[in-house]
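Step one of this worksheet: look at the structure below.
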Amino acid sequence: MSTSTPESADLTVRRTMTGLTVVLGLLTLGLGVAVLVWPDVTLTVVAVLIAIQFFGFGLVQIIRAFADVDAGGAARTIVGVSGALAILLAFLVLRSPLQTVVIIALVVGAWWVFRGVLEIVEGASGTAADRGLSIVLGVISVVAGAIVLLQPELSLEVFVIVVGVWMVLYGIVIVITPIVLSRMR
1239 MSTSTPESAD LTVRRTMTGL TVVLGLLTLG LGVAVLVWPD VTLTVVAVLI
1289 AIQFFGFGLV QIIRAFADVD AGGAARTIVG VSGALAILLA FLVLRSPLQT
1339 VVIIALVVGA WWVFRGVLEI VEGASGTAAD RGLSIVLGVI SVVAGAIVLL
1389 QPELSLEVFV IVVGVWMVLY GIVIVITPIV LSRMR
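If you read the sequence shown in the working numbering, its first letter stands for residue 1239, the second for the next number, and so on.
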């Protein structure tokens, strides 16, 4: 019979969250590469890829809201609500994937700005170790969201490139974040 100490339980939670974060980063990176390699894909395929990323992000955020017992109640609530909104957006995008590029672009752009601002706020109030990486993720999302929101008449090809570049950059940062943080500890 093994006894579990609070430290070993905390280490297990951190390892699990790190693994989930890396999987989300690899998923996002892979989807971004797929979008950039096949830019002539239909709107339906792009919508499904975006919905998959939203769904994966939402699940990780909800798990993080429950698993991060060191975070305050307000921070956990915001993370959980963010995850729930991501899953809701995934289902809304899948509901009618053949909607116009403008509608999907506005939803995605608004989401990126929302998440980007949350990442920047989280980074500004976080520990020194993860402050810079959170702010970088936030800035990437806000810039990509602003491009999409300010240019809603983008053609499918340009929108697909913006989506692909965002997914690649975001995925890379998500994958390297745990590596950088583990070396700083």
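We put the CB at the ideal spot given by N, CA and C, even for glycine.
Bounds of any alpha helix (DSSP H) do not take in D1306, whose DSSP letter is neither H nor E. The alpha-carbon of V1359 is positioned some 16 angstroms away from that of G1311.
Assigned with DSSP and collapsed to three states, P1416 falls in helix. In the DSSP assignment, P1244 falls within the alpha helix (DSSP H) that extends over P1244 to V1275. L1287 is classed as buried because its beta carbon has at least 16 other beta carbons within 10 Å across all chains shown.
Secondary structure of S1379 (DSSP, three-state): helix. Under a 10 Å Cβ-count criterion, V1400 is classified as buried, with 16 or more other Cβ atoms of the shown protein chains found around its own Cβ.
When secondary structure is reduced to three states using DSSP, G1402 falls in the helix class.
In this structure A1313 does not touch G1296 by the C-beta definition: roughly 17 angstroms separates them, more than the 8 angstroms allowed. Taking C-alpha positions only, S1379 is separated from L1264 by approximately 17 angstroms.
Excluding residues up to 5 positions away in sequence, S1372, L1375 and G1376 lie with their Cβ nearer than 6 angstroms to the Cβ of E1357 in the same chain. Nearest to G1370 by C-alpha distance, out of V1411, F1292 and L1327, is V1411.
With contacts defined as CB atoms closer than 8 angstroms, R1302 and V1319 fail to qualify as a contacting pair. With respect to the C-alpha of L1407, the residue from A1247, M1255, L1258 and V1273 having the closest C-alpha is V1273.
With a contact defined as Cβ atoms closer than 8 angstroms, Q1291 and M1405 qualify at about 7 angstroms.
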